[in-house]
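Report on the structure given below.
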Amino acid sequence: MANLSAEQSNVEVRMAQQAGQEAGRTGIYLSPMAQRRADFSDACASLFARLDLADSADVAASLMARAQPDLLIIDLDRFEPSIDLDALADLVARRAGAPVLLLCPFAGVAWLPALMASGPLRYAVTPLDGAALRTMVETTLAQPGAPTCDAAGLRALLDLRTRVQAALDDAEDAHTLAESLCAALCAWPGVLHAGLFLLREGNDLQLVAQQGPDGLLLGALLQRTDRLLQAPLRHAFPGLLAAAGGTAALIEAPEQPGEPALADGLLAHGVAMALGVPIPADGPGAPRGALSLLFDAPRAFSLDEWNTLADVARLAAFGLRLAAIGQENEHLLVRLTYISTMDALTGVANRRHGEELLDKEIKRARRYRVPLALLAFDIDRFKAVNDTYGYPVGDVALRTVADTARAVLRASDVLVRSGGEEFHIIAPHTSAIDGLRMAEKVRVAIEQAQIPGCDHVTVSLGVAQLGEQESGDSLTQRTDAALARAKRAGRNCVELAMQ
Ligand SMILES: Nc1nc2c(ncn2[C@@H]2O[C@H](COP(=O)(O)OP(=O)(O)OP(=O)(O)O)[C@@H](O)[C@H]2O)c(=O)[nH]1
Numbered sequence: 000m001a002n003l004s005a006e007q008s009n010v011e012v013r014m015a016q017q018a019g020q021e022a023g024r025t026g027i028y029l030s031p032m033a034q035r036r037a038d039f040s041d042a043c044a045s046l047f048a049r050l051d052l053a054d055s056a057d058v059a060a061s062l063m064a065r066a067q068p069d070l071l072i073i074d075l076d077r078f079e080p081s082i083d084l085d086a087l088a089d090l091v092a093r094r095a096g097a098p099v100l101l102l103c104p105f106a107g108v109a110w111l112p113a114l115m116a117s118g119p120l121r122y123a124v125t126p127l128d129g130a131a132l133r134t135m136v137e138t139t140l141a142q143p144g145a146p147t148c149d150a151a152g153l154r155a156l157l158d159l160r161t162r163v164q165a166a167l168d169d170a171e172d173a174h175t176l177a178e179s180l181c182a183a184l185c186a187w188p189g190v191l192h193a194g195l196f197l198l199r200e201g202n203d204l205q206l207v208a209q210q211g212p213d214g215l216l217l218g219a220l221l222q223r224t225d226r227l228l229q230a231p232l233r234h235a236f237p238g239l240l241a242a243a244g245g246t247a248a249l250i251e252a253p254e255q256p257g258e259p260a261l262a263d264g265l266l267a268h269g270v271a272m273a274l275g276v277p278i279p280a281d282g283p284g285a286p287r288g289a290l291s292l293l294f295d296a297p298r299a300f301s302l303d304e305w306n307t308l309a310d311v312a313r314l315a316a317f318g319l320r321l322a323a324i325g326q327e328n329e330h331l332l333v334r335l336t337y338i339s340t341m342d343a344l345t346g347v348a349n350r351r352h353g354e355e356l357l358d359k360e361i362k363r364a365r366r367y368r369v370p371l372a373l374l375a376f377d378i379d380r381f382k383a384v385n386d387t388y389g390y391p392v393g394d395v396a397l398r399t400v401a402d403t404a405r406a407v408l409r410a411s412d413v414l415v416r417s418g419g420e421e422f423h424i425i426a427p428h429t430s431a432i433d434g435l436r437m438a439e440k441v442r443v444a445i446e447q448a449q450i451p452g453c454d455h456v457t458v459s460l461g462v463a464q465l466g467e468q469e470s471g472d473s474l475t476q477r478t479d480a481a482l483a484r485a486k487r488a489g490r491n492c493v494e495l496a497m498q
């Protein structure tokens, strides 16, 4: 069987050689690597009557100036990092539509769209074995046009763009955006699975969202879901290559990167081709990562498709930045609300916020016809504490008093620092009698509390229940008057307000 197929392929080569030579076919192969020029010559020279090997774009240009070949092959493998994209683009442009085959390493497909924009070309991802290379050369000679989208392909692209736009419009946070983007990409014909990787703090690349058939999970395929820049398959899996290197990566066959574990995993789930598109950092501190797409069959992308994929990645970057800004705004709002409503020393509500809360509770008490009590308390002879132990100890005493009072209150009660060493407690669902009990509990708790630096303090308290038509101001005045009476009555006691 092996002999037969070897014989067959020899026949094919001889036929192609004959056809090529009879047609007087000419070719120019460009690669800066001597070994690659020799390998190409071994695999494909027989397809041409004349094959010129060029080691630079300049040499290829001068060969082309003498006579345009039937096929120009540009091999980008090992061209990097000194690749002169402009010179190569110029070669493609000079072909003016005549056949060009671009051989592109799987981790360097970012150059593809740039060169495709200079003129029509076919491409193949390398490494390729000799037979596959020969087939690609023959295919390009037979059908030299660049991959294009038919009407159905364009409709699918439009649909993808619309879905991505909608995902951006509806995104509440980075996670929901990533999920919707994966769903949009999965709806693109041929896509089996879509995933989104994001670089988090500390250079931790994580899989944020994925969508695909049951059982096809990137976590299982890559054998981890976080710290993916250290994953064993980071040099082979296109999604990881794109996130790590910031440039697109494409494998047109599972075994192309030479990682048997990856090839087995992809083949087991019917994946024929894998693409990674980097999500560019959209400004400093912005998230960066990659989109990963797994396809059920190999296909050549048109320039429209490459451009759409780059647009999707840019929109993803923009949307993720927007989501991050939304989150930062929420944090700022929480901080701002805290600063403008809470007392910095004790962490309880400040006077202005206390007044707002009292108004709210009064309205609620009226609507539901439930009692509301207001308590006022003030530290006894606090001036003496400051004078004797110093202001910092006075501050500690204020904090301890606030903490102690808060500890004996219900969750629905609100403690307010009204100013200096004076506090109020808004007590919903509380009658005057219950308010008195509550005041006594607060008084005893504070009397017994240990104050670091000054031993103990006591408080005097006033209690009032909201009258039927009473305003917040009037309730406060009556409560404060009761507190004043408690002070006059000798301090460390509770007084009930008069109606
Ligand atoms: N350490 C500290 N002291 C404060 C603060 N705010 C107000 N005070 C002090 O609280 C004291 C209040 O004193 P007074 O109003 O005379 O009342 P008092 O000494 O507590 O006496 P009675 O209320 O009559 O028992 C003053 O010494 C203020 O300086 C604060 O934030 N920190």
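Once you know that position 493 of the sequence shown is 492 in numbering that gives the first Met the number 0, the rest is easy, because the numbers rise by one and skip nothing. All residues carry an ideal CB built from backbone N, CA and C; glycine is no exception. On a predicted model such as this, the values are computed, not experimentally measured, just so you know.
Specify whether the region 251-264 and the region 158-169 touch according to this definition: at least 3 beta carbon pairs, one from each stretch, less than 8 Å apart.
At 8 Å Cβ cutoff, the stretches do not touch.
Can you name, in chain order, every residue of its own chain whose Cβ lies under 7 Å from the Cβ of Gln498, other than the five neighbours on each side?
Once the five neighbours on either side are set aside, the close Cβ partners of Gln498 are Gly466.
Under 8 Å, do Ala375 and Thr478 count as touching if we go by C-beta distance?
In this structure, Thr478 lies closer than 8 Å to Ala375 by Cβ.
For Val493, count neighbouring C-beta atoms within 10 Å of its own C-beta (all shown protein chains included) and say buried if the count is 16 or more, exposed if not.
Val493 should be labelled buried.
Just to check my reading of the structure: Pro279 and Arg313 have Cβ atoms closer than 8 Å, yes? What is that Cβ distance to the nearest angstrom?
That pair is a contact at about 6 Å.
How about Ala241 and Val270: do their beta carbons lie closer than 8 Å?
The answer is no: Cβ separation not under 8 Å.
Taking the DSSP output, what are the residues bridged to Glu421?
In the DSSP output, where bridge partners are listed per residue, Glu421 has Asp377, Gly418.
Determine the DSSP secondary structure at Asp172, reduced to helix, strand or coil.
Here Asp172 sits in coil by DSSP.
Give the range of the alpha helix (DSSP H) segment to which Ala262 is assigned.
Segment 259-267, the alpha helix (DSSP H) holding Ala262.
Is any non-hydrogen atom of ligand 1 found closer than 7 Å to the C-beta of Tyr390, if you look at the structure I gave you?
Result yes, Cβ under 7 Å from ligand 1.
Check each candidate in Leu167, Ala383, Asp69, Leu495 and name the one with the smallest Cα separation from Leu50.
Nearest option by C-alpha distance: Asp69.
Between Ala170 and ligand 1, is the CB less than 7 Å from at least one heavy atom?
Checking every heavy atom of ligand 1 against the Cβ of Ala170, none is found closer than 7 Å.
Measure the C-alpha to C-alpha separation of Ala37 and Ala131 and round it to an integer number of angstroms.
For Ala37 and Ala131, the distance between alpha carbons rounds to 16 Å.
Contact between the region 198-213 and the region 349-367: three or more CB pairs below 8 Å?
Output reads no: the region 349-367 does not touch the region 198-213.
Using the Cβ count rule (16 or more neighbours within 10 Å means buried), how would you classify Arg133?
Per the 10 Å Cβ criterion, buried.
In the DSSP output, which residue or residues are listed as bridge partners for Arg487?
BP columns for Arg487 are empty, so no partner.
Using only the alpha-carbon positions, how far apart do Ser339 and Glu304 sit?
So the alpha carbons of these two residues sit roughly 52 Å apart.
Under the criterion of a Cβ to heavy atom distance below 7 Å, does Ile378 qualify as lining ligand 1?
At least one heavy atom of ligand 1 is nearer than 7 Å to the Cβ of Ile378, so yes.
Find the nearest neighbour of Phe381 within the set Leu228, Ser459, Thr307, judged by alpha-carbon distance.
Residue Ser459 is the option with its Cα nearest to Phe381.
If you draw a straight line from the alpha carbon of Ala235 to that of Pro256, how long is it in whole angstroms?
Their backbone Cα atoms lie some 5 Å apart in a straight line.
Shortest alpha-carbon distance to Val58 belongs to which of Leu29, Asp41, Ala66, Arg77?
Nearest of Leu29, Asp41, Ala66, Arg77 to Val58, Cα basis: Leu29.
So Pro370 packs on His428, CB below 8 Å; how close in whole Å?
Yes, they are in contact, since the Cβ atoms of Pro370 and His428 sit about 7 Å apart, within 8 Å.
For the region 422-487, list the beta strand (DSSP E) runs that are entirely contained and at least 3 residues long, ordered along the chain.
Correct list: 458-464.
Could you give the uninterrupted runs of the beta strand (DSSP E) lying entirely in the region 96-178, keeping only those of 3 residues or more?
Complete beta strand (DSSP E) runs here, min 3: 99-104, 121-125.
Which residues in the same chain as Ala193 place their Cβ atom closer than 6 Å to its Cβ, once the five residues preceding and following it in sequence are excluded?
If we look at Ala193 and ignore the five residues flanking it on each side, its Cβ neighbours are Cys181, Leu184, Cys185, Gln210, Leu292.
Report back the beta-carbon spacing between Pro104 and Leu75 to the nearest angstrom; my notes put them in contact at under 8 Å.
So it is a contact: roughly 6 Å between Cβ atoms.
Thinking Gln67 and Ala97 are a contact (beta carbons under 8 Å), I'd like their distance in whole angstroms, please.
Rounded, the Cβ-Cβ distance is 6 Å, consistent with contact.
Helix, strand or coil for Glu525? Go by DSSP, reduced to three states.
In the structure as shown, the chain begins at 0 and stops at 498. Residue 525 is therefore absent and cannot be evaluated.
Does at least one heavy atom of ligand 1 sit under 7 Å from the Cβ of Leu482?
Result no, Cβ not under 7 Å from ligand 1.
In angstroms, rounded to a whole number, what distance separates the CA positions of Val395 and Thr345?
One C-alpha to the other measures close to 9 Å.
Excluding the 5 residues preceding and the 5 following Arg233 in the sequence, name in chain order all residues of the same chain whose CB lies nearer than 8 Å to its CB.
If we look at Arg233 and ignore the five residues flanking it on each side, its Cβ neighbours are Leu227, Leu239, Leu240, Ala243.
What residues in its chain sit with their C-beta under 7 Å from that of Glu439, if we drop five residues either side in the sequence?
Here the set comprises Val493.
So, helix, strand or coil for Val347, using DSSP?
Three-state DSSP puts Val347 in coil, outside helix and strand.
For Leu195, which beta-bridge partners are listed by DSSP?
Per DSSP, Ala208, Leu290.
Can you list the alpha helix (DSSP H) stretches of 4 or more residues lying completely in the region 27-68, in chain order?
Entirely contained in the region 27-68, the alpha helix (DSSP H) runs reaching 4 residues are, in chain order, 33-43, 56-65.
Buried or exposed for Glu420, going by 16 or more other Cβ atoms inside 10 Å?
Buried.
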